[in-house]
Amino acid sequence: MAFIMEFVEHFIRAGMEDPRDRDERSAARIRKTKAKCEELKSMWAQPVKAYGYWGSDRFNHKYLMDLRHSNLSGRQNPYDTVTRVAANAATEAVRE
């Protein structure tokens, strides 16, 4: 009976992995991940775009066109509505 138990024990141990190998693979994976994280952090520390990139005409085109359209004849200034409402509220307060 001892022979059978030894065979089964040997068979089970043959299918198991060595704890040292498992620990070494895990440590290697962690070191690799840490190196990638450090590389990513160093890339994040650098500027993505050059200074003044977003201030170019290409990115301010819509803003400039909105200004141009708001000054066309027959167009109402959006702030006129705000000032008119405030003026009406002030005159109503004075009347009361």
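The opening residue of the sequence shown carries number 6 in this note's numbering; numbering runs sequentially from there.
A virtual CB, placed ideally from N, CA and C, is assigned to each residue, including glycine.
Quick check on the DSSP output: the alpha helix (DSSP H) that includes Gly57 runs from which residue to which?
From DSSP, Gly57 is part of no alpha helix (DSSP H); its letter is neither H nor E.
Rounded to whole angstroms, what is the Cα-Cα separation between Lys54 and Ala94?
48 Å
Compute the Euclidean distance between the alpha carbons of Glu29 and Leu45, then round it to the nearest angstrom.
24 Å
With DSSP run on the structure shown, which of helix, strand or coil describes Met21?
coil
Taking only three categories from DSSP, how would you classify Met6?
coil
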